[in-house]
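Scroll down for the structure; my scribbles are underneath it.
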Amino acid sequence: MLATAGPVPGGDRWAFEIKFDGIRAVAAARDGRLRLRSRNDKDLTAGYPELSELDLGPGLLLDTEVVALDSSGRADFGLLQQRMNLTRPSAELREQVPVTLVVFDLLHHDGEDLVRVPYERRREALLELGLDEHGGVYVPPSFTGISGEQMLSAVDAQGLEGVVAKRLDSRYEPGRRSRSWIKTPIRRTCSVAVIGWTPSATSGRHLSSLQMAVPDGSGELVYAGDVGTGFSQATRDRLRDLLEERSRPDPPVPVDDRTHRWRPAGPLGTVHWAEPGLVGDIHYRQFTRDGSFRHPSWHGLRPDVDLSDLEPPT
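Per full-length UniProt numbering, the very first residue in the sequence shown carries number 1; after that it's consecutive.
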């Protein structure tokens with residue numbers, strides 16, 4: 001069952017859960033082991049042996065999220081990427097990047113199919129299992145009696161991913177995106193230095209994306225990837241003209257050549273670099289440990305902000 005994106009709902013018929021940033025998986029427990037399958041029915045079991053070895057009891061089918069937690073206990077998708085697409089993670093990697101199974105729904109238990117049972121009762125049955133007693137398993141709380149806006153503010157203050165609201169009377173709808181579950185991700189804002197632009201694959205005069213830089217902990221500008229959404233065509237043309245006035249032949253900041261993020265494909269895929277000076281705001285979901293923004297979108301120029309006013313992203 002998939003949540004529909006939208007503003008956090010109000011009313012007393014909703015429960016609120018923290019939105020985790022990981023890999024969604026259906027977990028089947030039988031014969032003392034756990035099998036994990038992704039949303040597109042890919043077998044994930046071999047990639048997470050510490051989870052497959054869990055003995056959670058017979059006859060369980062669980063809706064879960066596989067996450068990697070950072071030092072502050074927050075789910076970190078960039079960290080989890082080190083474990084993704086591997087079938088035999090080394091013992092060293094398993095120790096460096098341990099994973100946790102976040103269990104938020106119970107679909108089948110001891111021969112009983114629960115998908116037609118209301119969410120409120122499924123949650124009660126899930127808590128009765130005591131899965132939190134197993135190392136590597138976390139059953140997150142479900143909050144009622146508060147407003148959606150209160151929940152969203154609390155999650156934002158803690159730097160978490162967002163909120164999922166679930167109707168207390170909702171049935172589980174396998175494979176469907178339902179309005180009985182509403183997901184509201186937190187969108188953060190950051191001011192960035194604009195240091196170049198990339199033309200589209202079809203025309204060298206059409207701006208496709210902007211290249212960005214942000215200050216690091218010492219205040220030096222470092223490359224932070226690109227942003228390619230949130231522009232009108234008029235905005236694209238205006239930004240291109242402004243950046244051409246600041247044109248330079250090479251990157252104004254060090255670029256991480258290992259990722260090649262700054263080398264768009266195609267015959268016209270050459271970055272037009274610019275002297276730092278233009279500042280704009282972007283909205284984003286997360287700033288990753290490799291120094292890039294997840295899901296950035298352009299918000300607008302900030303002529304009132306100088307480069308010296310920029311702060312490292314959070």
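Every residue gets a Cβ at the ideal spot worked out from N, C-alpha and C, and that includes glycine.
It should be emphasised that the depicted structure is a prediction, and the values quoted were computed from it without experimental measurement.
Practice task
Could you check if Pro215 is buried or exposed, using at least 16 other CB atoms within 10 Å of its CB as the buried criterion?
Solution key: For the purposes of this step, residue 215 is taken as residue 215 along the sequence shown, with counting starting at 1. By the neighbour-count rule (16 or more Cβ atoms within 10 Å), Pro215 is buried.
Problem - At least three beta-carbon pairs within less than 8 Å, the segment 164-181 to the segment 267-287 - result: Flag = no, the segment 164-181 and the segment 267-287 do not touch.
Practice task
With a 10 Å radius around its C-beta and 16 neighbouring C-beta atoms as the bar for buried, classify Ser203 as buried or exposed.
Solution key: In the sequence shown, the residue the question calls residue 203 occupies position 203. It is exposed - the Cβ of Ser203 has fewer than 16 other Cβ atoms within 10 Å.
Handout entry: Where Asp43 falls: helix, strand or coil (DSSP)
Key = To locate residue 43, count along the sequence shown from 1; it is residue 43. The answer is strand: DSSP assigns Asp43 an E or B state.
Exercise for the section: Give the secondary structure of Phe77 by DSSP, where H, G and I count as helix, E and B as strand, and everything else as coil. Expected result: Residue numbering aside, residue 77 sits at position 77 when the sequence shown is read from its first letter. Three-state DSSP puts Phe77 in a helix.
Exercise for the section: Measure from the alpha carbon of Trp14 to the alpha carbon of each residue in Asn40, Arg39 and Asp169, then state which is nearest. Expected result: Against the sequence shown, residue 14 aligns to sequence position 14. The residue with the shortest Cα to Cα distance from Trp14 is Asp169.
Problem - Met75 and Pro98 closer than 9 Å at C-beta - result: In the sequence shown, counting from the first residue as 1, residue 75 sits at position 75. In the sequence shown, counting from the first residue as 1, residue 98 sits at position 98. Checking the sequence, you will find Ala at residue 75 rather than Met. Contact flag unset, no.
Handout entry: Secondary structure of Pro185, DSSP reduced to three states
Key = Stepping through the sequence shown from its first residue, residue 185 is reached at position 185. If DSSP states are grouped into helix, strand and coil, Pro185 belongs with the strands.
Practice task
My understanding is that Gly11 touches Ile182, with C-beta atoms under 8 Å, so please give their C-beta distance in whole angstroms.
Solution key: Walking along the sequence shown from the start, residue 11 turns up at place 11. Walking along the sequence shown from the start, residue 182 turns up at place 182. Not quite, the Cβ-Cβ distance comes to about 11 Å (not below 8 Å), so this is no contact.
Practice task
Please say whether Leu56 and Ile23 have beta carbons closer to each other than 9 Å?
Solution key: Reading the sequence shown from its first residue, position 23 is the one you call residue 23. Reading the sequence shown from its first residue, position 56 is the one you call residue 56. No.
Handout entry: Proximity to Val194 [Cα-Cα], best of Lys42, Arg94 and Pro303
Key = Walking along the sequence shown from the start, residue 194 turns up at place 194. Checked all of Lys42, Arg94 and Pro303; the closest Cα to Val194 is Pro303.
Exercise for the section: Quick one: grab the DSSP three-state call for Thr235. Expected result: Counting from one through the sequence shown, the residue named residue 235 turns up at place 235. The answer is helix: DSSP assigns Thr235 an H, G or I state.
Practice task
Kindly give me the distance between the Cβ atoms of Asp290 and Gly78, rounded to whole angstroms, as I take these residues to be in contact under 8 Å.
Solution key: Position 290 of the sequence shown, counted from the first residue, corresponds to residue 290. Position 78 of the sequence shown, counted from the first residue, corresponds to residue 78. So it is a contact: roughly 6 Å between Cβ atoms.
Handout entry: Selection from Arg179, Ser38, Gly136 and Pro313 that minimises the alpha carbon distance to Ala213
Key = Against the sequence shown, residue 213 aligns to sequence position 213. The shortest Cα separation from Ala213 among Arg179, Ser38, Gly136 and Pro313 belongs to Pro313.
Handout entry: Environment of Ala234 [buried if 16+ CB atoms lie within 10 Å]
Key = Locating residue 234 in the sequence shown gives position 234, counting from the first residue. Burial call: exposed.
Exercise for the section: With a threshold of 16 other CB atoms inside 10 Å of the CB of Arg83, please say whether the residue is buried or exposed. Expected result: Residue mapping note: residue 83 aligns to position 83 of the sequence shown, counting from 1. With 16 or more other Cβ atoms within 10 Å, it is buried.
Exercise for the section: For Gln286, count neighbouring Cβ atoms within 10 angstroms of its own Cβ and tell me buried if that reaches 16, exposed if not. Expected result: Indexing the sequence shown from 1 puts residue 286 at position 286. Result: buried.
Practice task
Have a look at Ala28 and Gly159 and give me their C-alpha separation to the nearest angstrom.
Solution key: What you label residue 28 is simply residue 28 of the sequence shown in a count that begins at 1. What you label residue 159 is simply residue 159 of the sequence shown in a count that begins at 1. C-alpha separation (whole angstroms): 31 Å.
Practice task
Assuming Trp273 and Arg248 form a contact by the criterion Cβ under 8 Å, report the distance between their Cβ atoms to the nearest whole angstrom.
Solution key: Stepping through the sequence shown from its first residue, residue 273 is reached at position 273. Stepping through the sequence shown from its first residue, residue 248 is reached at position 248. Contact flag correct, Cβ pair sits at about 5 Å.
Practice task
State the start and end residues of the unbroken alpha helix (DSSP H) segment that holds Val155.
Solution key: Here residue 155 refers to the residue found at position 155 when the sequence shown is read from its first residue. Gly148 to Ala157 is the extent of the alpha helix (DSSP H) around Val155.
Handout entry: CB-CB length for Thr64 against Ala25, believed under 8 Å
Key = Your numbering for residue 64 matches position 64 in the sequence shown. Your numbering for residue 25 matches position 25 in the sequence shown. Indeed, because the Cβ distance is near 5 Å, the residues count as touching under 8 Å.
Exercise for the section: Measure the C-alpha to C-alpha separation of Leu106 and Ser90 and round it to an integer number of angstroms. Expected result: As a first step, residue 106 must be located in the sequence shown, where it is residue number 106. As a first step, residue 90 must be located in the sequence shown, where it is residue number 90. For Leu106 and Ser90, the distance between alpha carbons rounds to 31 Å.
Exercise for the section: Measure the alpha-carbon distance for Pro264 versus Thr270 and round it to whole angstroms. Expected result: Taking the sequence shown and counting its residues from 1, the one referred to as residue 264 is at position 264. Taking the sequence shown and counting its residues from 1, the one referred to as residue 270 is at position 270. Bear in mind that the predicted position of Pro264 carries a pLDDT of just 47, short of 50, making it too unreliable to give a figure here.
Exercise for the section: Evaluate Leu86 with the Cβ neighbour count: other Cβ atoms within 10 Å of its Cβ, from every protein chain shown; 16 or more gives buried, anything less gives exposed. Expected result: In the sequence shown, the residue the question calls residue 86 occupies position 86. That one is exposed.
Handout entry: Residues near Leu243 by beta carbon distance below 6 Å, same chain, minus five either side
Key = Your numbering for residue 243 matches position 243 in the sequence shown. Only Trp197 and Ala274 meet the Cβ criterion.
Handout entry: Leu60 vs His134 beta-carbon contact at 9 Å
Key = Residue 60 sits at position 60 when you count from the first residue of the sequence shown. Residue 134 sits at position 134 when you count from the first residue of the sequence shown. Result no, Cβ atoms of Leu60 and His134 do not sit closer than 9 Å.
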